[in-house]
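In this note's numbering, the protein residues as written are 108 to 543. For reference, the structure discussed in these notes is given below.
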Ligand SMILES: Cc1ncc(COP(=O)(O)O)c(C=O)c1O
């Protein structure tokens, strides 16, 4: 094949309308702080921290320097039966900010891998306890748990499932928590705790002892920031405890300060058995995810194996990659040194004021938000999602990046945002929606 500079044809873009994109490409060629540069020389403010990854903004020199130095010193070593010092330091730093009972961290390379790893940990835990008959998993409508086979088996998003015919069996799905009668709620809705009783009904239908785990995003992020009703997560925890079911929080978006606390489990005062995480672990600067598990999970699985034998037959070639650990360690140090989780909490009110100020626009169906995460949902026009896709493009050419899923635009500003940055994001969104 002949090489042609700047030919867009060969790259098959993920989750993208490829044919449309290649007619109207949107390339990011630089980034510093809150701003990105497009290939035409325009400046774009990042209202979604990339894909909810970059609370520190772009181009942090300390991260680049740490990765560079790490690659010079030790670029790679097998993570199986060997390790590198950074893995222990990063695991220690993560365990310091997870709930008290969660102190063991397994590294992976993405959010999707963290979910599939958590599924396997659940299976290994029950098997080690002689409860391998717990083969059923519970998820929720409108859930997003990544795109690997385990994750799409748990998925509550039809487009991510319908093409792929062979997924995991034995997954049952609770109702989502968005309530059309309770819109424009800032924070947690008052009503809907009873939706958690879907889990009780599954226990009554299938037998609680057949259910292995419940997977939920504490706030469903990708389907438009569905904040759990008051008491809902607490109720799920209670039902899980009653029936010996593990509770898994997918904190891939919520984790590392997005809700003004280290994790959603702190924000809502509910401790799961297992937490999945990725994205802001490294500020998006290196691909990395992690699964943090309660001490009971780690101990049960490791102690069930014969002494000196491998306990968990799972891992990735790049689990705990030295460069990813270097990025992660640096990012965690910056969060701590610059009190960024507190800064996220302090900016939340201003951000939510700005977001809810868009309520008067005719095209808006609902607005929701919690911490530094919020969504505005547009009234659909034509097929669902078309208006959102157009809005995302128009925002971009108006100098604002906001990730739309379907018709919901999801804001997740970097924690380094000042008030004027929030104002700029909302002004650009208003201008875009007024001429949509
Ligand atoms: C809650 C949740 N879980 C899992 C994932 C998958 O992460 P990744 O795209 O890194 O595989 C995402 C991605 O947005 C997510 O929001």
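Idealized CB from N, CA, C, for every residue including glycine. Fair warning: this is a prediction, and the values are worked out from it, not measured in the lab.
Confirm, please, whether the CB-CB distance from residue j to residue i is below 8 Å.
i           : j           : result
residue 372 : residue 251 : no
residue 366 : residue 536 : no
residue 162 : residue 363 : yes
residue 324 : residue 347 : no
residue 604 : residue 369 : Because residue 604 is not part of the residues shown, which for the chain are 108 to 543, the question remains open.
residue 513 : residue 495 : yes
residue 191 : residue 427 : yes
residue 229 : residue 141 : no
residue 342 : residue 303 : yes
residue 545 : residue 470 : Residue 545 lies beyond the residue range present for the chain, which begins at 108 and ends at 543; the question has no answer from this structure.
residue 355 : residue 309 : no
residue 482 : residue 237 : no
residue 444 : residue 522 : no
residue 266 : residue 295 : no
residue 396 : residue 269 : no
residue 383 : residue 438 : no
residue 461 : residue 533 : yes
residue 231 : residue 419 : yes
residue 498 : residue 518 : no
residue 119 : residue 125 : yes
For residue i, which beta-bridge partners are listed by DSSP?
i           : result
residue 142 : 139 and 152
residue 211 : 400
residue 172 : Answer is none; residue 172 lacks a bridge partner.
residue 165 : 140
residue 484 : 473 and 515
residue 381 : 355 and 400
residue 510 : 517
residue 573 : This structure does not reach residue 573, given that the chain is present from 108 up to 543, and the question cannot be answered.
residue 280 : 246
residue 322 : 355
residue 333 : 327
residue 293 : 476
Which one of the options has the shortest CA to CA distance from residue i?
i           : options               : result
residue 327 : 475, 301 and 205      : 475
residue 391 : 119, 155 and 127      : 155
residue 398 : 129, 187 and 226      : 226
residue 299 : 307, 292 and 335      : 335
residue 139 : 160, 451, 150 and 165 : 165
residue 248 : 135, 305, 402 and 238 : 305
residue 136 : 422, 128 and 151      : 151
residue 153 : 538, 543 and 531      : 531
residue 506 : 290, 274, 419 and 539 : 539
residue 442 : 387, 129 and 404      : 387
residue 290 : 149, 333 and 301      : 333
residue 440 : 204, 273, 542 and 219 : 204
residue 78  : 258, 350, 378 and 423 : In the structure displayed, the chain extends from 108 to 543; residue 78 sits before or after that span and is not available.
residue 381 : 127, 193, 207 and 133 : 207
residue 255 : 270, 222, 272 and 286 : 222
residue 500 : 130, 119, 116 and 117 : 130
residue 188 : 488, 417 and 231      : 417
residue 297 : 339, 497 and 278      : 339
residue 504 : 419, 524, 518 and 542 : 542
residue 520 : 115, 160, 116 and 132 : 160
residue 276 : 257, 286 and 287      : 257
residue 459 : 314, 158, 345 and 293 : 293
residue 374 : 201, 349, 117 and 448 : 448
Cβ of residue i within 7 Å of any heavy atom in ligand 3?
i           : result
residue 251 : Ligands in the displayed structure: ligand 1; ligand 3 is not one of them.
Taking contact to mean at least 3 C-beta pairs separated by less than 8 Å, is the segment 251 to 263 in contact with the segment 426 to 445? no
Would you be able to state if there are at least three C-beta pairs under 8 Å between the segment 312 to 328 and the segment 224 to 244? With the cut-off at 8 Å, the segment 224 to 244 and the segment 312 to 328 touch.
Does the segment 171 to 183 come close enough to the segment 141 to 159 that 3 or more CB-CB pairs lie under 8 Å? The segment 141 to 159 is not in contact with the segment 171 to 183.
Pair every Cβ in the segment 404 to 424 with every Cβ in the segment 437 to 457, then say whether three or more of these pairs are closer than 8 Å. no
Taking contact to mean 3 or more Cβ pairs, one atom from each stretch, closer than 8 Å, check whether the segment 350 to 360 and the segment 272 to 285 are in contact. no
Is it the case that the segment 459 to 471 contacts the segment 208 to 228, given that we only count it when at least three CB pairs across the two stretches are under 8 Å? no
Contact between the segment 400 to 411 and the segment 179 to 197 (3+ Cβ pairs under 8 Å): no
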